[in-house]
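Colleague: Next up is a structure, given as structure tokens.
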Amino acid sequence: MNHKEITWNNLQIPVVGSFDVVIIGGGVSGSACGIRCVNEGLSTLIVDKSNLLGGSATRALVCPMMPSYVRHLPVLSTIEQQLLASGDATRDDYTTMIWFAPERLGEVYEQLYTTKGGQILYDTSLVAAVLSDAGDEKTITHVILASTEGLIAVAAQTWIDASGDAVLSRAAGVPVAAGDEDGINQVCSLRFTMGGIDVERYREYVLSLDDHFSPLVEGYFFESAMVAGKNFKLEPKFREGIEAGILEEEDLRYYQIFSLPGKPGCMALNCPHIASMRTNTSGAARSNATVEAHARIRRLVTFLQRMMPGFEQSYLMEQASLLGVRESWRVEGQTMLTEEDYVNQARFDDGLVRGDWYIDVHSNKGGLFHKNTYEQGDYYEIPFRSMVTKHINNLGVIGRCISTTFLMQASVRIIPTVTDMGDAMGTACALAKQTSTPLAQLDGVAVRAEVEQMKPVNS
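Sequence positions in the sequence shown follow our numbering and run -3 to 455.
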């Protein structure tokens, strides 16, 4: 057989490249992993179904980064430094949120990754994983991809599932779970942005209601929120929208809005919630939810333009090109992180990443569920064993689909935490190559030692 072709399903598939590491998914964790890998001298390919790195942060418009008070790993600070260098403000003097404009963040990921030789296949989706089965030791040898030219294959020594939906893990036969005890997933959102807003007028109006949701009483940045039935000061204004025939009751389920750095008069909205989709693990369900969200965005935009002070001259700027999925599939890892680990602020010999976000469930059953027991300085650790499986020797998993319970996943999923997962996993990939050890067979204690000594990445 031609060494540049493999046979799959009776088809001859061209092998277009061989790499030290192939990362399926160029979202937040996948980009961070790629950046670390290329800084460690590894030949690396990121495969992404879109044409912009950053995943939910850039295409689902998930901004800003939520507050986190723990020690983070170097890639996150390098990303912020690059945003600052291009004139994008990232701090508000009140919180530890990192503010960003989505498309600028995507540019930063791409620049940090490609200038060190990282390769990307955009507009490319995973079709299948090709396995080698030597007794109990299964490894992935190739993946089959659908790209512009049709079906292609790539080879690698180490594979990283950063897809968010455990796409590579499922293709390789790794057991997964989805949803809560009844299989119900967290609520998805479809975010959007608006321009032409008089942010100061809006802030003045919100503060005039004695609304203290946000500490940002002055300065460039502002945020506000409203959840029906939770005593938010903005709810009566939204009720007026229902009385005027603009909004429907479901539109009041969740509203949240944030400033965008470098874009005066522009804000990003973390809504609408699409509670009608109870499970998000089918393409049809996600497509139907997106159609519903488009109609609800139009109602929200019309309401804000007609009835909200500061929005008189506003306009719809962008609708997210990616549905905001908070939780879907989770892999079965060598160990599972649980809500008991959150309560106990668990430490592990192979703990690589620190997390401190609360258990933040946007529930399809009973609205929001928040469990917040932490003070600044408290944290739990995410062990290496929750990011590798017992089923595939050369596979790592990062991002929201690592091995956790449903409740614990609601804490690990924020941008700073999954960025650190990618950074740490990139270090593990380097150790795997250096020691000629399959990734999942690495000693997690040794990986932790490498992470604790990791160097800054070069921009």
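The C-beta atom is built at its ideal place from N, Cα and C for all residues, glycine as well.
Can you name, in chain order, every residue of its own chain whose Cβ lies under 7 Å from the Cβ of residue 215, other than the five neighbours on each side?
Modeller: Locating residue 215 in the sequence shown gives position 219, counting from the first residue. 88 and 89.
Colleague: I want to know whether the region 322 to 332 touches the region 391 to 407 - three or more CB-CB distances under 8 Å.
Modeller: With a cut-off of 8 Å, the region 391 to 407 and the region 322 to 332 count as touching, because enough Cβ pairs lie within range.
Colleague: Among 249, 256, 264 and 287, whose alpha-carbon lies nearest the alpha-carbon of residue 224?
Modeller: The residue you call residue 224 lines up with position 228 of the sequence shown. The option with the nearest alpha carbon to residue 224 is 249.
Colleague: Taking the alpha-carbon of residue 78 as reference, which of 92, 64, 97 and 66 has the nearest alpha-carbon?
Modeller: The residue you call residue 78 lines up with position 82 of the sequence shown. Nearest of 92, 64, 97 and 66 to residue 78, Cα basis: 97.
Colleague: Give the C-beta separation of residue 123 and residue 108 to the nearest angstrom, bearing in mind that I take them to be a contact with Cβ-Cβ under 8 Å.
Modeller: Residue mapping note: residue 123 aligns to position 127 of the sequence shown, counting from 1. Residue mapping note: residue 108 aligns to position 112 of the sequence shown, counting from 1. Not a contact, Cβ separation roughly 29 Å.
Colleague: In the structure shown, what three-state DSSP assignment does residue 204 receive?
Modeller: Here residue 204 is taken as the residue at index 208 of the sequence shown, counted from 1. Helix, per DSSP.
Colleague: With a threshold of 6 Å on Cβ separation, who are the neighbours of residue 154 within its own chain once the five nearest residues in sequence on each side are excluded?
Modeller: Along the sequence shown, read from residue 1 onward, the residue named residue 154 stands at position 158. These residues qualify, in order along the chain: 17, 390, 425, 428 and 435.
Colleague: With 16 other CB atoms within 10 Å as the buried threshold, where does residue 451 fall?
Modeller: For the purposes of this step, residue 451 is taken as residue 455 along the sequence shown, with counting starting at 1. Exposed.
Colleague: Using DSSP with H/G/I as helix, E/B as strand and the rest coil, what is residue 391?
Modeller: Residue numbering aside, residue 391 sits at position 395 when the sequence shown is read from its first letter. The answer is strand: DSSP assigns residue 391 an E or B state.
Colleague: Compute the beta-carbon to beta-carbon distance between residue 412 and residue 61, rounded to the nearest angstrom, for a pair I have assumed lies under 8 Å.
Modeller: Position 416 of the sequence shown holds residue 412. Position 65 of the sequence shown holds residue 61. Contact holds; Cβ gap of about 6 Å.
Colleague: With distance defined between alpha-carbon atoms, name the residue in 284, 417 and 311 nearest to residue 350.
Modeller: Along the sequence shown, read from residue 1 onward, the residue named residue 350 stands at position 354. Nearest C-alpha to residue 350: 417.
Colleague: Could you tell me the distance, in whole angstroms, from the CA atom of residue 304 to the CA atom of residue 226?
Modeller: Within the sequence shown, residue 304 is the residue found at index 308, counting from 1. Within the sequence shown, residue 226 is the residue found at index 230, counting from 1. So the alpha carbons of these two residues sit roughly 20 Å apart.
Colleague: Between the region 179 to 195 and the region 251 to 264, do three or more beta carbon pairs fall short of 8 Å?
Modeller: The answer is yes - the region 251 to 264 touches the region 179 to 195, with three or more Cβ pairs under 8 Å.
Colleague: May I have the straight-line CA-CA distance separating residue 382 from residue 333, to the nearest angstrom?
Modeller: Stepping through the sequence shown from its first residue, residue 382 is reached at position 386. Stepping through the sequence shown from its first residue, residue 333 is reached at position 337. Computed Cα separation, rounded: 7 Å.
Colleague: For residue 200, which of 257, 22 and 306 has the nearest alpha-carbon?
Modeller: Position 204 of the sequence shown, counted from the start, is the residue given in the question as residue 200. Among 257, 22 and 306, the Cα nearest to that of residue 200 is on 306.
Colleague: Would you check if there are 3 or more beta carbon pairs closer than 8 Å linking the region 106 to 120 to the region 26 to 42?
Modeller: Yes, the region 106 to 120 is in contact with the region 26 to 42.
Colleague: Leaving out five residues before and five after residue 80 in sequence, what residues of the same chain have Cβ atoms less than 7 Å from its Cβ?
Modeller: Within the sequence shown, numbered from 1, the residue matching residue 80 stands at position 84. Answer for residue 80: 86, listed in chain order.
Colleague: Just how far apart, CA to CA, sit residue 258 and residue 82?
Modeller: Residue mapping note: residue 258 aligns to position 262 of the sequence shown, counting from 1. Residue mapping note: residue 82 aligns to position 86 of the sequence shown, counting from 1. Roughly 10 Å separates the two Cα atoms.
Colleague: Per DSSP, what are the beta-bridge partners of residue 263 in this structure?
Modeller: Position 267 of the sequence shown, counted from the first residue, corresponds to residue 263. Paired residues: 190 and 255.
Colleague: Following the continuous beta strand (DSSP E) through residue 457, name the residue where it begins and the one where it ends.
Modeller: Nothing can be reported for residue 457: it is not among the residues displayed for the chain, which extend from -3 to 455.
Colleague: Looking at the structure shown, is residue 1 part of a helix, part of a strand, or coil, going by DSSP?
Modeller: As a working note, residue 1 is residue 5 in the sequence shown. It is a strand residue.
Colleague: Quick one, which of 444, 229, 384 and 139 has its alpha-carbon nearest residue 208's?
Modeller: What you label residue 208 is simply residue 212 of the sequence shown in a count that begins at 1. Residue 229 is the option with its Cα nearest to residue 208.
Colleague: Beta strand (DSSP E) containing residue 154: first to last residue?
Modeller: Counting from one through the sequence shown, the residue named residue 154 turns up at place 158. Run containing residue 154: 146 to 157, per the beta strand (DSSP E) assignment.
Colleague: Just checking my contact of residue 184 with residue 280 at CB under 8 Å: how many whole Å lie between their CB atoms?
Modeller: Counted from its first residue, the sequence shown places residue 184 at position 188. Counted from its first residue, the sequence shown places residue 280 at position 284. With 8 Å as the limit, residue 184 and residue 280 do not qualify as a contact, their Cβ atoms being about 14 Å apart.
Colleague: Do three or more CB pairs link the region 10 to 29 to the region 48 to 56 at distances below 8 Å?
Modeller: Flag = yes, the region 10 to 29 and the region 48 to 56 touch.
Colleague: How would you write the range of the alpha helix (DSSP H) that residue 424 sits in, first residue to last?
Modeller: For this step, residue 424 is matched to residue 428 along the sequence shown. From DSSP, the alpha helix (DSSP H) with residue 424 extends over 411 to 431.
Colleague: Indicate the three-state DSSP secondary structure (helix, strand or coil) for residue 383 in the structure shown.
Modeller: Within the sequence shown, residue 383 is the residue found at index 387, counting from 1. Residue state, collapsed to three classes: helix.
Colleague: Would you identify the three-state DSSP class for residue 280, choosing helix, strand or coil?
Modeller: The residue you call residue 280 lines up with position 284 of the sequence shown. Helix at residue 280.
Colleague: Buried or exposed for residue 57, please, with buried defined as at least 16 other CB atoms from any protein chain shown within 10 angstroms of its CB.
Modeller: Counting from 1 along the sequence shown, the entry for residue 57 is found at position 61. Label assigned to residue 57: buried.
Colleague: According to the neighbour-count rule (16 or more other Cβ atoms, all chains shown, within 10 Å of its Cβ), is residue 6 buried or exposed?
Modeller: In the sequence shown, residue 6 corresponds to position 10, counting from 1. With fewer than 16 Cβ atoms within 10 Å of its Cβ, residue 6 is classed as exposed.
Colleague: Which stretch, first to last residue, makes up the beta strand (DSSP E) that contains residue 115?
Modeller: On the sequence shown, residue 115 is found 119 positions in, with the first residue counted as 1. Residues 115 to 117.
Colleague: Determine the contact status of residue 118 and residue 73, defining contact as a CB-CB distance below 8 Å.
Modeller: Numbered from 1 along the sequence shown, position 122 holds the residue referred to as residue 118. Numbered from 1 along the sequence shown, position 77 holds the residue referred to as residue 73. Result no, Cβ atoms of residue 118 and residue 73 do not sit closer than 8 Å.
Colleague: Looking at the secondary structure, which residues open and close the beta strand (DSSP E) in which residue 137 lies?
Modeller: Position 141 of the sequence shown, counted from the start, is the residue given in the question as residue 137. Run containing residue 137: 133 to 143, per the beta strand (DSSP E) assignment.
Colleague: What does residue 173 pair with, by DSSP beta-bridge criteria?
Modeller: The count along the sequence shown starts at 1 and reaches residue 173 at position 177. DSSP lists 326 as partners of residue 173.
Colleague: Is it buried or exposed for residue 338, if we count other Cβ within 10 angstroms and need 16 for buried?
Modeller: Locating residue 338 in the sequence shown gives position 342, counting from the first residue. The residue in question, residue 338, is buried, as its Cβ has 16 or more Cβ neighbours within 10 Å.
Colleague: For residue 239, is the classification buried or exposed, using 16 other Cβ atoms within 10 angstroms of its Cβ as the cut-off for buried?
Modeller: The count along the sequence shown starts at 1 and reaches residue 239 at position 243. The residue is exposed, with fewer than 16 neighbouring Cβ atoms inside 10 Å.
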